[in-house]
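So in our numbering, spot 93 of the sequence shown is number 102, and the numbers just go up one at a time.
These notes concern the structure reproduced below.
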Amino acid sequence: MKRLVIVVVIAALLWLFKLSFDVYQMNAKQTELMQQQTQLQQQNAGLNDQLVAMKRQYDGQPVTSSPANPPAMQADDHVGVQPITLIGQRLELVEFALQQQQFGVALEKLNQLDQQLEIFSLAPALRMSLHQVIAKDREMLTQYVVARQTQQNKIKQVLQTLDQALQKEIQQPYQNTPKQKEQSFLSRWIQVEAVERPSVDLLQRGIVLKEIQLRLLLAQQIMLKGQYPEFQQELTEIIQIMQQLPDPHLKQIQQKIVQLKETPVLSVPQLNTRALIG
10 MKRLVIVVVI AALLWLFKLS FDVYQMNAKQ TELMQQQTQL QQQNAGLNDQ LVAMKRQYDG
70 QPVTSSPANP PAMQADDHVG VQPITLIGQR LELVEFALQQ QQFGVALEKL NQLDQQLEIF
130 SLAPALRMSL HQVIAKDREM LTQYVVARQT QQNKIKQVLQ TLDQALQKEI QQPYQNTPKQ
190 KEQSFLSRWI QVEAVERPSV DLLQRGIVLK EIQLRLLLAQ QIMLKGQYPE FQQELTEIIQ
250 IMQQLPDPHL KQIQQKIVQL KETPVLSVPQ LNTRALIG
């Protein structure tokens, strides 16, 4: 019996070590993404310098007379190639911020791009269209952030409720059959013997429930980072683990986890500005 307990404890420690290693890998990945963001910010600073130089160049150009309108329009079309490229680079920064779930940064970059359109050599109709599309993208992102935050709060509340229910199941012993008021001497003797020699399932039940509790905590961290496919995969593995326990008390908890897994994923919206400039 002692050997069995030792084996079960070792298995539990291995599971805890695996979960800790998964959390460590997630933190390392987050650090790498932060380094990439720093590089993009440095690139953004270089683009700002280019914009200032362009503005000075445009301010220093002489004003052409009205009879020379056709040549001026041709020159403007030629110079307009570079602003479109810069706008595309600005949108890449916005899209990268969206991929990293940094929606405040994305909105800030869109606002900066909207203001910088005035210094670009663009046709008036194109400039007006860009202003309108950027305003539409800002509104769309704001609505998405509100809906995403509302969904995350609901999921977080359900996960906290499940954590409390699992903690309660861990603390109280599992009873497979209800107690009987009248029992014979032989029945009472058999019941006492069963209590004194717990089955392997009862020993593993507490460990499995603790593993599920830790996995739900890990799933919550994944969800808060916006990694919904990984979040659903973690819930799928939790459901598979719970199916190994023939425990009627856990059916309600399992059903709630299934409902969480079936929650529709809110996809990050695509920028209409990108579709406009190509």
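In this text, a Cβ means the ideal position worked out from N, Cα and C, and glycines have one as well.
Helix, strand or coil at residue i [DSSP, three-state]
i, result
"P278", "coil"
"I19", "helix"
"G287", "coil"
"V267", "helix"
"P92", "helix"
"K27", "helix"
"V209", "Its pLDDT being 45, under 50, V209 is placed unreliably in this model, and the coordinates cannot settle the point."
"T151", "helix"
"L139", "helix"
"Q125", "helix"
"Q180", "helix"
"D172", "helix"
"L254", "coil"
"Q160", "helix"
"P133", "helix"
"Q108", "helix"
"A144", "helix"
Whole-number beta carbon distance between residue j and residue i, since they are thought to touch under 8 Å
i, j, result
"I96", "L171", "About 47 Å separates the two Cβ atoms, so there is no contact after all."
"Y237", "V274", "5 Å"
"F105", "L150", "Not really, about 14 Å apart at Cβ, beyond 8 Å."
"I179", "G215", "6 Å"
"T282", "L139", "7 Å"
"L175", "L233", "With a Cβ gap of about 19 Å, L175 and L233 do not count as contacting."
"Q229", "L168", "5 Å"
"I93", "I286", "6 Å"
Proximity test, Cβ basis, 8 Å: residue i and chain C
i, result
"Q249", "Of the protein chains in this structure there is only one, and it is not chain C."
Quick one: which unbroken alpha helix (DSSP H) runs of 4-plus residues sit fully inside the segment 223–249? Chain order, please.
-> none
At least three beta-carbon pairs within less than 8 Å, the segment 156–169 to the segment 117–127 | no
Decide yes or no for the touch test of the segment 119–136 against the segment 254–263: beta carbon pairs closer than 8 Å, at least 3 of them.
-> no
Flag this pair as touching only if the segment 243–250 and the segment 213–232 have three or more C-beta atom pairs under 8 Å; answer yes or no.
-> yes
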